[in-house]
Amino acid sequence: MAKGNGSAGGKGKARTRCEGTVLESWAEVDEHLEQLAHVQRQVREFEGQVNEQIDALRGQLAEYTTPLLETEKRLGLEVEQFLVAHQGEFEKVRTRELAHGKVGFRRSEVIDFKPKLRAENVIGLCKEHGHAECVKVKETVDKEALAKLTTDDLSKVGCRRVPKDTPWFEVAEVRAATGAVEI
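Shown next as structure tokens:
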């Protein structure tokens, strides 16, 4: 069952008007639905072929790169461990150039909670001490919740219900195994 909204079967797209040919009978509409079914089958068939190729390539990629990525991670960890063990050598010079790259330490800061404090405690303390800007709050309109309001309540919050007719169609498909037509 392929469905469409009047824009060549696309979802969420604005409708566009076709220049030129205009359908003049239900028979022509039915012919268009037949053509749509044919095109949609061709698209699904091609998508299936491409997805099979993509899956095969993903498998090859994972097979080839997994051991390489594990080696990369292990080598990086070993270099970091060596650097930490020799951190004293970087007190005066922060970077050491080697034949195949550079190593060193960068000064950086991280923000961490004091012992025994959790995020909830820090949020409360930020608000209490006038630092609400340090607390992330994302506000968005929930249209599903608005749809549950009465018309009066919608009006109070600056909204209204707008009736809208949206064209739709379903293409009938014949199942090869049963010969049944599904809509």
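First residue of the sequence shown? That's 512 in the numbering used here, and the numbers climb one at a time after it.
We treat Cβ as the ideally placed atom computed from N, Cα and C, and that holds for glycine.
Since this is a predicted model, take the numbers as computed values, not measurements.
May I ask you to report which of helix, strand or coil DSSP gives residue i?
i: K603; result: coil
i: F593; result: helix
i: V561; result: helix
i: E684; result: strand
i: E574; result: helix
i: L609; result: strand
i: T582; result: helix
i: H642; result: coil
i: L568; result: helix
i: D623; result: coil
i: R552; result: helix
i: G587; result: helix
i: L534; result: coil
i: E539; result: helix
i: E545; result: helix
Grab the span of the alpha helix (DSSP H) containing residue i for me, first residue to last.
i: G635; result: A630 to E639
i: K654; result: K654 to A658
i: T662; result: T662 to K667
Could you pull the start and end residues of the beta strand (DSSP E) that residue i belongs to?
i: K613; result: G612 to G615
Would residue i pass as a contact of residue j if the rule is Cβ separation under 8 Å?
i: V540; j: L547; result: no
i: F601; j: G615; result: yes
i: K613; j: R605; result: no
i: R672; j: T661; result: no
Leaving aside the five residues before and after residue i along the sequence, list all residues of the same chain whose C-beta is less than 7 Å from its C-beta, in chain order.
i: C645; result: C637
i: Q590; result: Inspection of the sequence shows that residue 590 is occupied by Val rather than by Gln. Correct list, in chain order: V614.
i: A658; result: none
i: V652; result: none
i: V621; result: none
Apart from the five residues on each side of it in sequence, which residues of its chain come closer than 8 Å, Cβ to Cβ, to residue i?
i: R528; result: none
i: A643; result: C637
Once you ignore the five residues that flank residue i on each side, which residues in its own chain have a CB closer than 6 Å to its CB?
i: I634; result: V646
i: A519; result: Residue confidence is low: A519 scores 47 on pLDDT, short of 50, so the model does not pin down where it sits. Its coordinate-derived value is still stated next. Correct list: empty, nothing qualifies.
i: A656; result: none
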